[in-house]
Amino acid sequence: MNALIWIIGGLIVMLAVAWAFRFAAQKATNDKPYFRDMPLGVAFGYVFAAAALLFSLWYFFQPQAVDGVPQPGVIFFRWAVIGLLGFAAASWVFRTVFRNVGTENSKKLFRSMPLTAAFGIMIIFIYAIVSIFAGLIAPYGQEEILGAANVVAGGDPALGGNPEYPLGTDQIGRDIMSRLIYGAQNTVGIAFVTTCLAFFLGGSLGFLAAVLGGWLDQLLSRVVDALMAIPSLIFSLLLMTIATAWAGSEAWLVTIYMIFIIAVIDSTRVFRLSRAVGQSIVVMDYIEAAKLRGEGMGYLIFREILPNALAPLLAEFGLRFCFVFLTIASLSFLGVGIQPPKADWGTMVRDLSQFINFAAFAPNVAVTPLLAAGAIALLTVAVNFVVDWMLHKSSGLKE
Amino acid sequence: MSDLLLKIRGLKIEGRSDETWNPIINGIDVDLKKGEVLGMIGESGAGKSTVGLAAMGYTRDGVRISEGSVEFDGVDLVKASAAVKRALLGKRIAYVAQSAAASFNPAHKLIDQHTEGPVQHGVSSRGESELDGIELYRRLRLPNPEEIGFRYPHQVSGGQLQRAMTAMAMACRPDLIIFDEPTTALDVTTQIEVLASIRDIVEQFDTAAIYITHDLAVVAQMADKIKVLLKGDEVEEADTRTMLSSPTKDYTKSLWAVRSFERPAKPAINVNATPVVSIRNVTAAYGTVDVLHDVSFDIHAGRTVAVVGESGSGKSTAARCITGLLPPRIGHIEFDGEPLPVSYKQRNKGQLRQAQMIYQMADTALNPRKSIGETIGRPVEFYMGLKGREKRKRVEELLAEIELEPTEYFNRLPSELSGGQKQRIGIARALAAEPKFIICDEVTSALDQLVAEGILRLLAKLQDELGLSYMFITHDLATVRSIADEVVVMKDGEVVEQGPKKEMFKPPHHAYTDLLLSSVPEMDPDWLTNLLQERGVDNIGDAAVDKM
């Protein structure tokens with residue numbers, strides 16, 4: 001009850017401050033249109049944002065430990081803020097470098113790029129390098145069992161760390177950093193292959209349905225509807241269980257089955273998109289001109305339609321990649337995805353999940369499962385930033 | 001305060017592109033008295049609509065008024081607050097957009113949208129404004145004025161919708177209405193009705209208006225004075241009659257002269273010659289509804305046959321039958337005396353090559369992701385089998401043929417071309433197949449008059465050089481007059497009248513041909529008044545309602 005009164009009181013005070021702020025600004029700027037036509041809600045937003053910023057600053061400089069007891073709230077908040085600022089600075093540097101290095105076209109691209117997109121591209125770039133050269137970068141093998149189990153991250157012996165394993169080791173003594181690096185290769189690589197397959201399937205069938213229409217369109221669309229009607233995670237879980245039984249002891253076969261299962265399930269979404277996009281392109285006069293010229297189906301789909309559908313498809317590719325990636329992580333978390341002992345981020349989160357319980361009193365122990373989860377989150381955020389930027393660009397070009 | 005209602009001084013407008021502000025309008029003055037109609041003309045891109053919107057103190061996104069003032073009845077709309085503008089717009093200043101179909105909300109009935117303004121502005125109650133709406137519908141000669149307001153926008157025709165929109169603009173009895181090309185999207189016969197009713201209602205309520213259009217003949221009927229714009233600058237302004245009879249600037253004179261292009265008549269057709277294309281008793285249907293009824297006509301070598309009619313008359317359907325996109329239900333198409341397979345899918349490359357098509361909208365007819373070289377090169381490669389350097393050489397020849405600099409345009413994308421240039425590329429793509437026969441589907445109707453004239457001259461030149469036959473689909477009789485050898489008039493899927501152009505433009509006509517011919521606006525400012533007297537006001541089209 002008390003808290004409610006505080007919240008309401010705070011809001012009323014902020015509203016009053018907002019009104020005063022607007023009034024003062026109107027007087028000070030002699031009724032500039034911006035302040036003159038400003039709704040109270042916008043003024044309130046400014047005041048609220050300022051208050052939130054002040055609170056964050058204050059909280060950031062709170063002591064990390066009181067009487068030897070660590071304050072996890074403050075510590076995690078600090079990490080988040082430092083991480084955010086660090087990434088922002090890194091992407092700013094990244095963008096500045098590429099504004100001055102590279103071909104004329106790439107320079108121009110980076111010049112008009114928002115910071116979020118630069119961040120996304122930087123992260124994707126780093127992930128790509130890491131997964132391609134995983135064998136060279138990783139200090140240990142992904143399946144290698146080293147001496148000490150459950151070494152705490154941080155590398156500080158006083159807190160139970162070991163400088164040889166900067167991110168610690170898991171319950172059976174494998175180096176977490178090495179597993180994260182190999183995990184990039186497995187999880188990201190498989191997700192990429194799966195997404196490509198889903199796009200090839202969904203895209204070509206979708207365009208075919210758009211061009212031909214009629215009974216083929218009906219048939220494909222109804223099949224897709226039926227597939228989409230089943231919740232995708234449960235459906236893939238079901239199919240994976242069957243596939244695991246089929247595969248028997250061959251672990252690599254499970255991975256192949258998984259790629260196909262996820263690709264088919266995800267291609268339904270791609271099918272719908274490419275059919276819709278295709279239909280709006282098929283009615284164009286240049287398609288009619290190509291048909292009347294006597295062009296074949298392949299030329300129509302890949303040379304006339306595809307280039308025009310590329311922008312929305314590319315954007316969808318980014319999003320779909322995230323979903324596939326998360327599905328694989330979820331399946332691995334549930335135990336039917338990428339098979340141990342191969343490193344995989346989803347499996348790593350599951351295996352180490354009980355350490356989350358330490359969050360309240362030992363932040364550097366709790367961080368172990370969060371590293372893999374963070375790696376997933378970071379890539380997802382990065383891809384989405386890039387996708388947003390591409391969507392914005394392609395829609396901006398059309399108008 | 002004088003009797004000036006709208007006073008625009010030194011108006012400069014800028015648009016944002018490539019991160020900089022570029023000028024769109026470079027200082028324009030407008031004076032408008034109460035009850036006066038100003039016609040604003042110019043090509044597309046001249047900034048007519050931008051000025052029209054600025055007269056309401058409004059700019060589109062990414063556009064700003066950088067300098068100057070827009071004084072409406074003493075209030076400067078550029079500096080006015082949002083609240084002040086809100087009180088004026090809709091109530092004292094109203095706007096009628098080009099496409100009424102796109103401007104009405106399809107989810108609400110006409111009368112609901114009509115009454116919104118007056119009720120919002122507190123001019124009248126919902127009931128009063130409903131009655132007033134019906135009254136306005138009657139004055140605008142809409143059919144069934146009591147009932148039409150209770151329909152949804154898709155249930156009325158384009159011309160009626162445009163009048164309903166004018167009624168909506170009149171709902172608060174504004175002092176100023178801005179008409180932005182209100183009749184451009186309409187057929188000539190419908191245009192007359194809209195023009196007449198707009199003119200009447202503006203006169204009746206003594207409303208001032210800015211009438212934006214690119215059609216000189218239309219503006220001559222509507223305006224008291226005319227302002228000519230070119231690329232954001234004013235060319236000249238004068239009283240309508242003065243402007244029409246003695247324009248002073250070269251640009252204005254060239255606009256006035258556009259309609260003078262006319263091809264010399266060709267010798268009569270040899271009756272025994274086999275026509276290039278011959279449409280034989282074609283009846284075609286969409287689904288189960290027949291849209292063409294027993295249509296027959298011939299197109300001879302080196303001739304242009306213009307197919308004329310309103311939208312919905314079946315002219316484009318006839319073209320679809322010829323190309324094979326819509327196989328006729330009865331009848332067939334003969335090419336050089338040989339019957340063609342009905343569907344394009346059954347025709348061989350040679351047959352497809354001989355008949356090419358040029359489209360109305362060059363924007364949708366060219367693949368936006370393909371360069372000009374690729375677009376024109378594809379048929380060259382596809383039909384002629386030329387590759388590499390030979391192909392490039394042929395494409396460059398074709399570009400030269402359509403009067404575009406080959407090296408400059410080869411690698412450009414369609415988005416880097418103007419409307420007229422895009423249409424030329426469409427022509428080049430058709431020529432690349434080296435056809436005998438080209439269907440031109442309203443190729444000039446989306447273009448400005450000067451540009452359209454250039455396209456017509458080019459088509460005529462190509463016909464003389466290459467001996468092409470054209471089927472020229474159009475609703476614009478001025479175009480027919482300038483390019484056609486023979487004319488086919490269509491209505492409701494039937495051929496009403498056909499014959500050589502000379503005979504077609506001379507009486508006696510079929511009643512429908514007469515209606516079409518007399519509906520084409522002329523440059524004479526008294527033309528509309530005279531025409532309405534001749535026809536009797538009650539007779540214009542479907543709006544046979546008693547004169548108020």
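Taken in sequence, the protein lines are chains A and B.
Going by full-length UniProt numbering, the letters in the first sequence line up with residues 1 to 399, in that order.
Going by full-length UniProt numbering, the letters in the second sequence line up with residues 1 to 548, in that order.
All residues carry an ideal CB built from backbone N, CA and C; glycine is no exception.
Neighbourhood of residue i by C-beta distance below 6 Å, restricted to the same chain and skipping five residues each side
{"i": "residue 386 (chain B)", "result": "380, 394"}
{"i": "residue 289 (chain B)", "result": "none"}
{"i": "residue 311 (chain B)", "result": "187"}
{"i": "residue 470 (chain B)", "result": "304, 438, 440"}
Three-state class that DSSP yields for residue i in the structure shown
{"i": "residue 322 (chain A)", "result": "helix"}
{"i": "residue 221 (chain A)", "result": "helix"}
{"i": "residue 6 (chain B)", "result": "strand"}
{"i": "residue 289 (chain A)", "result": "helix"}
{"i": "residue 172 (chain A)", "result": "coil"}
{"i": "residue 315 (chain A)", "result": "helix"}
{"i": "residue 551 (chain B)", "result": "Examination of residue 551 (chain B) is not possible in this model, given that chain B is present from 1 through 548 alone."}
{"i": "residue 149 (chain B)", "result": "coil"}
{"i": "residue 39 (chain B)", "result": "strand"}
{"i": "residue 338 (chain A)", "result": "coil"}
{"i": "residue 538 (chain B)", "result": "Any reading at residue 538 (chain B) is ruled out, since the residue's pLDDT is 46, under 50, leaving its predicted position unreliable."}
{"i": "residue 213 (chain B)", "result": "strand"}
{"i": "residue 191 (chain B)", "result": "helix"}
{"i": "residue 1 (chain B)", "result": "Reliability of the predicted coordinates at residue 1 (chain B) is poor, the pLDDT of 45 falling under 50, and the value obtained from them is presented with this limitation in mind. Residue 1 (chain B): coil per DSSP, three-state reduction."}
{"i": "residue 359 (chain A)", "result": "helix"}
According to DSSP, residues forming a beta bridge with residue i
{"i": "residue 393 (chain A)", "result": "In DSSP, residue 393 (chain A) forms no bridge with anything."}
{"i": "residue 498 (chain B)", "result": "B:488"}
{"i": "residue 15 (chain B)", "result": "B:22, B:63"}
{"i": "residue 280 (chain B)", "result": "B:332"}
{"i": "residue 470 (chain B)", "result": "B:304, B:438"}
{"i": "residue 95 (chain B)", "result": "B:178"}
{"i": "residue 32 (chain B)", "result": "B:6"}
{"i": "residue 299 (chain B)", "result": "B:277"}
7 Å Cβ cutoff, residue i in contact with chain A
{"i": "residue 199 (chain B)", "result": "no"}
{"i": "residue 82 (chain B)", "result": "yes"}
{"i": "residue 344 (chain B)", "result": "yes"}
{"i": "residue 369 (chain B)", "result": "yes"}
{"i": "residue 528 (chain B)", "result": "no"}
Any C-beta of chain B under 7 Å from that of residue i
{"i": "residue 405 (chain A)", "result": "Since the first residue shown for chain A is 1 and the last is 399, residue 405 (chain A) is missing from the structure and cannot be characterised."}
{"i": "residue 285 (chain A)", "result": "yes"}
{"i": "residue 294 (chain A)", "result": "yes"}
{"i": "residue 39 (chain A)", "result": "no"}
{"i": "residue 19 (chain A)", "result": "no"}
Residues of its chain near residue i, where Cβ-Cβ distance is below 8 Å and the 5 sequence neighbours each way are ignored
{"i": "residue 33 (chain B)", "result": "3, 4, 5, 208"}
{"i": "residue 502 (chain B)", "result": "265"}
Same chain, Cβ closer than 7 Å to residue i, five either side skipped, listed in chain order
{"i": "residue 239 (chain A)", "result": "261"}
{"i": "residue 194 (chain A)", "result": "259, 262, 263, 324"}
{"i": "residue 387 (chain A)", "result": "315, 318, 319"}
Closer than 7 Å, Cβ to Cβ, to anything on chain A: give me those residues from the stretch 346–367 of chain B, in chain order. 349, 352, 357, 359, 361, 364, 365, 366, 367
Closer than 9 Å between beta carbons: that is the criterion. Which residues of the stretch 39–57 of chain B meet it against chain A? Here the close residues number zero.
Beta carbons nearer than 9 Å to chain A: which residues of the stretch 314–330 of chain B have them? Of all residues in the stretch 314–330 of chain B, the ones placed with a Cβ closer than 9 Å to any Cβ belonging to chain A are 323, 324, 325, in chain order.
Where the stretch 302–316 of chain A meets chain B: residues whose CB sits under 7 Å from a CB there: 304, 307, 308
Proximal residues, the stretch 18–31 of chain B versus chain A, C-beta separation under 8 Å: Result list: 19.
When Cβ atoms are compared, which residues of the stretch 364–396 of chain A fall closer than 7 Å to chain B? none
Along the stretch 375–387 of chain B, where does the CB come closer than 9 Å to a CB of chain A? Name the residues. 375, 378, 379, 382, 383
Contact set between the stretch 107–140 of chain A and chain B, restricted to residues whose Cβ is under 8 Å from the partner: Going along the stretch 107–140 of chain A in chain order, one finds 112 with a Cβ nearer than 8 Å to chain B.
Taking Cβ-Cβ distances below 9 Å as the criterion, which residues of the stretch 334–345 of chain A are in contact with chain B? none
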